[in-house]
Amino acid sequence: MFTWIIENIATIVICLVLILIVAAIIYSMARDKKKGKSSCGGGCQGCPMSGSCHKH
Numbered sequence: 068m069f070t071w072i073i074e075n076i077a078t079i080v081i082c083l084v085l086i087l088i089v090a091a092i093i094y095s096m097a098r099d100k101k102k103g104k105s106s107c108g109g110g111c112q113g114c115p116m117s118g119s120c121h122k123h
């Protein structure tokens, strides 16, 4: 088992880094949603659905 970990350490580290990045993005989006911020980036002047996705 230990040799398998040594042989695949690069893959394991990359997977852990990607998991941390995704978790940070999800945490940030959840925090922004609690604060009432939009996740779409704004700029809704030309969007035909602007009245449906944001509370005015």
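For the sequence shown, this note's numbering assigns the number 68 to the initial residue and increments by one for each residue that follows.
Note that beta-carbon positions come from the ideal geometry of N, C-alpha and C, so glycine has one too.
query                                                                                                                                    : result
Excluding the 5 residues flanking Lys104 on each side, which residues of the same chain have their C-beta closer than 7 Å to its C-beta? : none
Residue range of the alpha helix (DSSP H) that Lys101 falls in?                                                                          : 76 to 101
Near Ala90, what residues of its chain come up, given a Cβ to Cβ distance below 8 Å and the 5 sequence neighbours on each side ignored?  : none
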